[in-house]
Structures are given as structure tokens and as C-alpha cells.
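First residue of the sequence shown: 0, per numbering that gives the first Met the number 0; consecutive thereafter.
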Amino acid sequence: MSRGRRALLLAGMSLLLGGVAASQVAGREAEIERRIGSPVPVVVAARAIGPGQTISARDLAVRQVPGRYVPRGSFASPGELVGARAAAAIPAGGDVPQGLVEREAPAGESRPGLRVVRIVAVGSAPEMPPGSLVDILITTETPSGGAKTTMGLRRAEVVDSRAAPGSPDGASAGLPRAQLALRVTVPQALMLAEAQSGAREIRALSGADAG
Numbered sequence: 000m001s002r003g004r005r006a007l008l009l010a011g012m013s014l015l016l017g018g019v020a021a022s023q024v025a026g027r028e029a030e031i032e033r034r035i036g037s038p039v040p041v042v043v044a045a046r047a048i049g050p051g052q053t054i055s056a057r058d059l060a061v062r063q064v065p066g067r068y069v070p071r072g073s074f075a076s077p078g079e080l081v082g083a084r085a086a087a088a089i090p091a092g093g094d095v096p097q098g099l100v101e102r103e104a105p106a107g108e109s110r111p112g113l114r115v116v117r118i119v120a121v122g123s124a125p126e127m128p129p130g131s132l133v134d135i136l137i138t139t140e141t142p143s144g145g146a147k148t149t150m151g152l153r154r155a156e157v158v159d160s161r162a163a164p165g166s167p168d169g170a171s172a173g174l175p176r177a178q179l180a181l182r183v184t185v186p187q188a189l190m191l192a193e194a195q196s197g198a199r200e201i202r203a204l205s206g207a208d209a210g
């Protein structure tokens with residue numbers, strides 16, 4: 000076999016092997032995406048945000064997160080947070096879930112020592128109109144993999160409510176979700192922020208359901 004022919008053969012084999020390798024890589028990437036979900040935009044703190052600080056666009060950044068690992072109650076657009084206040088300290092690079100954000104109460108309704116905090120919970124928004132009282136149940140995962148449900152808040156005042164997009168997973172699949180603005184104390188706001196980011200489920204019971 001001549002040197003020229005051998006060189007052409009080797010070049011052809013290299014192209015063939017390169018194509019096979021590229022196909023394998025693409026296949027692995029597609030399989031990984033099927034397992035963890037397509038990237039979803041999630042708003043994070045571009046720099047440290049202090050408690051009570053009014054959030055500006057410069058304080059925020061967007062990070063792409065696999066759909067399976069998107070924090071519960073997260074925001075997709077910085078515009079949803081501009082003008083809100085941080086209910087607690089948020090470190091640079093940290094997620095900014097609804098439980099860590101508070102909005103100004105309607106004029107004339109602010110009360111000393113209380114904050115208005117937004118959460119997403121399993122429940123029907125029309126059954127929890129502004130001015131109504133709700134109980135908040137928080138379900139967490141036990142070390143053994145089971146579930147434990149506790150009363151997080153009792154008779155919390157609803158300042159605002161609206162239907163939340165999407166539906167919960169697991170045992171709550173198919174049930175409605177609500178975006179609720181609740182008037183709470185600072186310790187309660189911190190508790191809700193922790194639950195929003197780590198609880199298996201947050202469920203809101205209207206006055207009729209709570210009894």
C-alpha cells in the first residue's frame with residue numbers, strides 16, 4: 000500500500016471514529032437531560048443582600064438549573080423581585096425563594112412587628128381570599144425516608160392570594176397551588192423561608208377546612 004493511500008485511509012478512519020465519538024457524547028447528553036430535566040432560569044443574589052434591604056436589579060442574577068433541582072418557590076425573572084424587600088439575609092449566589100421576600104402591605108394596613116411574606120402552597124386560591132385566615136401545614140422528610148407533618152402556622156392572615164402556575168409532584172400531584180401573601184412575625188417569616196426551600200410539601204387550609 001502506497002504512503003498516499005495509507006494516509007487517506009487513516010484520515011478516513013479518524014473522521015469515522017470522530018463521528019462515532021460525537022454521536023456517543025450527544026447521546027449521553029440527551030440521556031442526562033432526560034433524567035434531570037432541561038435547564039430552567041432561576042434568580043439568585045448577585046451579591047449579598049441584607050435583611051430589610053430593598054432589592055434592585057443590580058442585586059440579582061439568573062442561573063440555569065436543571066428542572067429537577069429548581070428550588071421550590073423560586074423566581075424565573077429578576078423583574079418579579081425588583082422593589083421587594085429581603086425578609087432575611089441572602090448570601091451572594093444564594094437562591095431567592097418567595098419565603099425570603101416580603102412586599103409592602105397595602106396603605107394603612109401595616110402593623111408594627113409584622114411582615115408580609117409570599118409563599119407557594121398546595122391549596123385553592125379562591126377559597127383563601129384576602130382577609131381570610133389560614134392554617135399552614137408543613138411536611139418534611141424524616142431520616143428514614145418517611146414524612147412528618149406539623150402545624151407551621153395557625154390562623155395566619157391572608158393579604159393576597161392568586162393561583163400559582165404548575166402543579167406539585169408526588170402525593171400532591173394534580174392538586175391546585177396558590178401564591179399567598181401572609182402577614183406574619185419575623186420569626187414566622189424565617190420559618191416559612193426555611194420550609195419553602197426544604198420542605199416536601201407546604202399546604203394551606205382555608206378557614207372552612209381548618210375548622
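Even for Gly, the Cβ is constructed at its ideal location relative to N, Cα and C.
Computed from a predicted model, the values in this text were never measured in an experiment.
To which residues does DSSP link residue i through a beta bridge?
i	result
serine 160	Leu179
proline 40	Gln63
isoleucine 54	Partner(s): none; isoleucine 54 has no beta bridge.
Would you say residue i and residue j are within 8 Å of each other, going by their C-beta atoms?
i	j	result
serine 196	arginine 62	no
valine 81	isoleucine 48	no
glutamine 187	valine 119	no
arginine 151	alanine 194	Sequence check: residue 151 is glycine here, not arginine. Cβ atoms of glycine 151 and alanine 194: closer than 8 Å.
glycine 78	alanine 44	no
arginine 117	alanine 56	no
alanine 290	valine 121	Within the shown structure, residues of the chain are numbered from 0 to 210, placing residue 290 beyond reach of any answer.
valine 41	leucine 59	no
threonine 138	alanine 198	yes
proline 96	valine 64	no
valine 183	arginine 84	no
alanine 146	leucine 132	no
serine 76	aspartate 94	no
valine 100	proline 129	no
glycine 112	arginine 67	no
Where do the ends of the beta strand (DSSP E) carrying residue i lie?
i	result
leucine 204	200-204
leucine 59	59-65
By the three-class DSSP mapping on this structure, what secondary structure does residue i have?
i	result
glycine 151	strand
alanine 146	strand
arginine 46	coil
Using beta carbons (cut-off 8 Å, strictly below), is residue i in contact with chain C?
i	result
leucine 181	The structure shown contains no chain C; it holds only a single protein chain.
Can you name the start and end residues of the alpha helix (DSSP H) that residue i belongs to?
i	result
valine 185	185-197
Indicate, with yes or no, if the ligand GDP has a heavy atom lying under 7 Å from the CB of residue i.
i	result
glycine 112	No copy of the ligand GDP appears in this structure; indeed no ligand is present at all.
- [ ] Quick one: which unbroken beta strand (DSSP E) runs of 3-plus residues sit fully inside the stretch 77-139? Chain order, please.
- [x] 113-121
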